[in-house]
Amino acid sequence: MKKYIKNIKTAACATLFLAMAFTSCTKDLNVNPQDDDNILASQLFTNENSYKQALAGVYGNLALTGTDGAGSSIVQGLDAGTSQYGRVLLYLQTLSTDQMVWSYENDPGVREIQRNIWTAQNPLLAGMFGRAHVSIALANNFLRETTNSKLDERNVSAELRAKITNYRAEARFLRALSYYHMMDLFGQANFITEDTPLNSQPEAADRARLFSYIESELKAIEADLLDPQTNEYGRVDKGALWMLLAKIYLNAEVYINEDKYADCLMYCDKIIGEGYSLATDYLHNFMADNDMNSARNEIIFPVISDGVVTQNFGPTTVMVNGEVGSMEKNGASLGVGDGGWGGALRIREQFARLFEDSSFTNDTRNTIISADRDIEIGDISDRDSGYIITKYSNKTSTGQNGQDQTFVDTDFPLFRLADVYLMYAEAHLRGGGGTIDNAVNYVNLLRTRANNPQTLTSGDLTLDFILDERARELHWEAKRRQDLIRFGKYTDGNFNWAWKGNVSGGIPISKNLKVFPIPSNSLAANPNLKQNTGY
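So the sequence shown is residues -21 to -1, 1 to 514, counted in mature numbering (1 follows the signal peptide of the UniProt record, and there is no 0).
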């Protein structure tokens, strides 16, 4: 089922992935190519199959860091372990909140992120900033090589021309997705499109400009994308586009100080009306065969993982191995080695307490293992303290192990229908329209799917409840930091959690931490960027 994305590891595409990305963008990224296989794009595109492989290369940057195995990196200065797209996204959105703790604080950058004491020198911030710009550069190069004039020069077939419009729309979506992550995390980006002169100093775009660009770009390509659920698995369609629009509108008050909840709800309605359906089992979304089991109709857009073909230290490999407890050694039940990574990941007390009510005892979203463990983590290096969870697995829905017992087959569900249901409910409560009956129904559908016995009524639906329910449903899916900021509970003292602000009991943190600093090397490379306030 993952055949399309596997193309990114073919020999031709490996070369393409490097040559296209870095022949023209090294100045933008302040990095250098590290491969001797670079060849000219004019040679690469002599074969019409290369166009689809080139598009696969744009997708590939979401999963891969290099072409010579999981530890390789295609850019100098970006380590594979600190720059895999999904992994650093997970760290910044989840490790910086109340949901996750990483035990090994000697790993570069981790200590500062999970204690909220980061600086512009943090390597994980450099990894996210750089990797997102790699995606942008890949998309730009693909678009430069697929213009009408280029196609005319190469005298391509009518069959290929019929596909190129869709291919280009997908590349533009992936570029918009990276700009979205830059807008959300850093509030700035190097602004580069296919029309930017090669090797020129890029402009810097702030949140307002990025918001406007992402919105207009997504609307411009909507008609050129395939209808929801009609593209190959792992590729973008209109459903993914509507999801990204709903996301920027849900957070518009944070980004541009404007209420866009009605727009958010409108796009949620469009997605809900297109035949997506919840997986029959909540945990199917996080298993090794989530590209084929009942989650196939819930996951709107994944980051692909394959334990053999696309080995990488991405979010699902990290989480499955990291979930294995130091005492429990429960790796076999998760489809990896018995000891996993020796208790690398645990959960903080505040998140664990969201499942304390008896109604969550048999809730399938509650995968907490608490036996013989203290709920508090007084010492982050003590891997035997703090509860663990087993949400992600390298097992299939039929109980089989993934292909490899370290690198997992489990795709990372970047967008899924459950999030749409919760966004609808929140947008309704914030005045975006819709009906309370629909909002209640959508949340109850999630509860019913999770085998939770509590049926909610309209009186139960408050914004505080939605924030907690989003944590229960969407934890470890790179959503939490954004949610806490939108609800006004990330900085200051509105909500504290263990080790927030580098104190075991948690303390308020400064408002400037709502955005991360621009990495020092990126500032040095582009003087048009300005450091965010407070750093």
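Each residue gets a CB set at the ideal place from its N, CA and C atoms; glycine is no exception. None of these values were measured; they are calculated from a predicted model.
Same chain, Cβ closer than 7 Å to residue i, five either side skipped, listed in chain order
i, result
"F394", "A219, M222, I279, F280"
"D206", "D216, K217"
"A274", "A258, H263, N264"
"Y469", "R460, L463, K493"
Beta-carbon proximity check, residue i vs residue j, cutoff 8 Å
i, j, result
"Q72", "R460", "yes"
"G480", "N95", "yes"
"T76", "L463", "yes"
"N373", "V297", "no"
"L229", "K217", "no"
"S305", "E277", "no"
"F121", "A150", "yes"
"T375", "D268", "yes"
"A457", "L68", "yes"
"D342", "N431", "yes"
"M107", "I326", "no"
"A258", "C243", "no"
"I497", "Q100", "no"
"Q433", "S338", "yes"
"Q93", "W476", "no"
"A331", "Y371", "no"
"F386", "G286", "yes"
Own chain, CB closer than 8 Å to residue i, minus 5 neighbours either side, in chain order
i, result
"S190", "Before going further, note that residue 190 is Phe rather than Ser in the sequence given. Hits under 8 Å: M162, I227, A231, Y234, I235."
"G293", "A42, Q63, Y64, G65, R66, V282, S284, F391"
"L440", "A404, L408, I415, A418, V419, V422"
Residues bridged to residue i [DSSP beta-bridge criterion]
i, result
"R325", "V80"
"R395", "I278"
"K374", "N380"
"A183", "N169"
"I488", "D471"
Spatial distance of residue i from residue j (CA atoms)
i, j, result
"Y403", "K239", "12 Å"
"Y505", "N511", "Tyr is not the amino acid found at residue 505; the sequence shown has Asn there. Their Cα atoms are separated by approximately 14 Å."
"W81", "I143", "43 Å"
"I415", "N291", "43 Å"
"A397", "I445", "12 Å"
"D248", "T25", "43 Å"
"residue 533", "Q384", "The structure shown does not extend to residue 533, since the chain spans only -21 to 514, so no value can be given for it."
"D447", "N119", "39 Å"
"G50", "T44", "8 Å"
"Y38", "L262", "25 Å"
"E405", "L442", "7 Å"
"D185", "F495", "13 Å"
"E355", "L408", "34 Å"
"L508", "T289", "34 Å"
"I488", "A155", "30 Å"
"L177", "R451", "46 Å"
"I348", "G378", "20 Å"
"G36", "S29", "10 Å"
"G56", "E211", "34 Å"
"K493", "H160", "14 Å"
"S501", "A105", "8 Å"
"V10", "E173", "Summary for V10: the model assigns pLDDT 39, below 50, so the residue's position carries little reliability; its value from the coordinates is reported in the next sentence. Straight-line Cα distance between these residues: approximately 19 Å."
"I200", "R344", "36 Å"
"L8", "E307", "Here L8 scores only 43 on pLDDT, less than 50, and its place in the model is too uncertain to base an answer on."
Residue i, DSSP secondary structure in three states
i, result
"T436", "coil"
"D268", "coil"
"I347", "strand"
"T385", "coil"
"T73", "helix"
"T289", "strand"
"I497", "coil"
"L367", "The question names Leu, but residue 367 is Ile in the sequence shown. Strand, per DSSP."
"R154", "helix"
"N120", "helix"
"M161", "helix"
"N111", "Note that residue 111 is Ala in the sequence shown, not Asn. In this structure, A111 counts as helix in the three-state DSSP scheme."
"F24", "coil"
"E196", "helix"
"Y212", "coil"
"S62", "helix"
"A49", "coil"
Close beta carbons around residue i, own chain, < 6 Å, minus the five adjacent residues each side
i, result
"A503", "none"
"T125", "I143, R147"
"D353", "S364"
"R90", "E84"
"N417", "none"
"W97", "E91"
"A187", "I235"
"S437", "I415, V419"
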